[in-house]
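Asks: Here it is: the structure, laid out below.
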Amino acid sequence: MAIRNKIIVFIIVVLIVLGIGFGGKSYMNKEEEEDKVIGTYRKNEEKIVVDVIKTYEDVKEITFTMVQENNMTGYTHYAFTLNGDEGYSYLFSKNEMYGNESVVNPDMKKRESELNGDQISKELKQVKVSYGGWDS
């Protein structure tokens, strides 16, 4: 009987170790997938910031307020405030900017000329950006 009990205890210990190992692996895979999604959100938000700076003058603050994925259409919707005004949003399809759906404040003046890379970098340094918090 003593040998049989030792074998049963050994089998139970092995099963517990295997269960913990597979559970931990599954958890880590889920975490990696979430990190990829959050990184994608952040990259898309950075694209939006650059596009907003290229489009509008006097951009002082951009605050991302929402991201929403539609699994049926494959679109991802990003909403944000611009200089404290709500109603700005962009749509992405497969991580490519699809369109600007903003209801623009009539006081926001559009740029009359294109910015070059150095001008965009200079403008970026002057804009306060609050990303969606997906990475916190």
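Residues 900 to 1035 (our numbering) make up the sequence shown, in order. In this text, a Cβ means the ideal position worked out from N, Cα and C, and glycines have one as well.
1. Can you tell me whether Ser1035 is helix, strand or coil according to DSSP?
2. Does the count of Cβ pairs from the stretch 1004–1014 and the stretch 979–987 closer than 8 angstroms reach three?
3. Under DSSP, the alpha helix (DSSP H) around Ser1020 begins and ends at which residues?
4. Output the distance between the C-alpha atoms of Asn941 and Val951, rounded to the nearest integer angstrom.
5. With DSSP run on the structure shown, which of helix, strand or coil describes Lys959?
Replies: Looking at the atomic coordinates:
1. Low confidence applies to Ser1035: its pLDDT is 41, below 50, so where it sits in the model is not reliable, and the reading given next is rough at best. When DSSP states are grouped into helix, strand and coil, Ser1035 belongs to the coil group.
2. Touching, per the Cβ criterion.
3. In the DSSP annotation of this structure, the continuous segment of the alpha helix (DSSP H) that includes Ser1020 starts and ends at 1016–1025.
4. Note on residue identity: the sequence assigns Arg, not Asn, to residue 941. Val951 has its alpha-carbon roughly 15 angstroms from the corresponding atom of Arg941.
5. Three-state DSSP puts Lys959 in coil, outside helix and strand.
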